[in-house]
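All remarks here apply to the structure that follows.
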Amino acid sequence: MIFRSRGIAASLTVFIVIVSGTMLAFSTSAAHGPPVDNWTVALYIAADNNLEIAWDHYTLRGLLDIPDSDDVNIVAMVDRLSTNGTEFLEFSGDSYEVVATYPEMNTGLGETFSFFLSEVTTMYPSENLCVIAWDHGGSWLGFCSDDSQGGLIGMNDFSYALNDAGVYIDVFALDACIMSTTEVIYEAYTTGLVSYVISSEMYVPFDGFPYDDMFTPLTE
11 MIFRSRGIAA SLTVFIVIVS GTMLAFSTSA AHGPPVDNWT VALYIAADNN
61 LEIAWDHYTL RGLLDIPDSD DVNIVAMVDR LSTNGTEFLE FSGDSYEVVA
111 TYPEMNTGLG ETFSFFLSEV TTMYPSENLC VIAWDHGGSW LGFCSDDSQG
161 GLIGMNDFSY ALNDAGVYID VFALDACIMS TTEVIYEAYT TGLVSYVISS
211 EMYVPFDGFP YDDMFTPLTE
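Per my numbering, the sequence shown starts with residue 11, numbered consecutively.
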């Protein structure tokens, strides 16, 4: 079985949820004008590696199974191994639209992650924001590898991206292996920009999160 790991072992599967000092201050879109929708769920898909097939066969299908909602935005920025360029997708029930295209990006850079966060809140202002980083993970070494350009978002890059974008994230989840460590949680907490972090201490299966099960209730 293929896991979403960069070779660091762990012995226990635990999901950690932390709360910053501004736990209930849901203010994602405060700096971007009045909120339009209740939630935006935004996925950062670093599929420029051997997990590209997992995007096509599992995550994409799961997102297409989430019912459409006038009050919830489901979006993803996707960088693939097999194609040149990066796409921004907007989901509407069982279909999606490419709403923006960009030149090839290194999704293993903090600058790219910061750009993604800024684009999400500009294009989809909402009362609450859930951000999911999707790819391989390696604990404090980093997450979201880019095989074409050799990037990996380390802890300094992670902290830089959050602070540079200045976007308040209500829920930050890592669909990646072994990211529930003190170092990762510390970097999120000290920015004061993340309310909850959801991550795993052990391996995440190749098919990743069950996105339809997770977010269908949000649309009802």
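Where a beta carbon is used, it is the ideal one built from N, C-alpha and C, also for glycine.
Residue pairing from DSSP places V204 in a beta bridge opposite I179. A direct Cα-to-Cα measurement between D185 and Y213 gives close to 10 Å. For the options A64, P77 and L70, the alpha carbon positioned closest to that of T226 is the one of P77.
Taking all protein chains shown into account, G72 has 16 or more neighbouring C-beta atoms within 10 Å of its C-beta and is therefore buried. For G161, the secondary structure class from DSSP, reduced to helix, strand or coil, is strand. The Cβ neighbour count for G103, taken over all protein chains shown within 10 Å, is under 16; the residue is labelled exposed. Exclusion of the five residues before and after V177 leaves L127 and T131 as the residues of its chain whose Cβ lies within less than 6 Å of its Cβ. Non-local beta-carbon contacts of L53 in its own chain, meaning distances under 6 Å to residues more than five positions away in sequence, involve A86, I142 and W144 in chain order. Secondary structure at L91: coil, using DSSP grouped into helix, strand and coil. Between Y112 and F101, the C-beta spacing is not below 9 Å.
Considering only E62, C187 and A171, the residue with the shortest C-alpha distance to D157 is E62. According to DSSP, A110 shares a beta bridge with F98. Separation of the CB atoms of Q159 and G120 is rounded to 14 Å, and the pair is thereby denied contact status at 8 Å. Ranking A57, Y68, L70 and S79 by CA distance to the CA of V46 puts S79 first. For L61, the secondary structure class from DSSP, reduced to helix, strand or coil, is coil.
Counting along the chain, E129 sits inside the alpha helix (DSSP H) bounded by residues G120 to M133. For D47, the beta-bridge partners assigned by DSSP are S136.
Residue environment: G147 is assigned as buried (16 or more neighbouring CB atoms within 10 Å of its CB, all protein chains considered).
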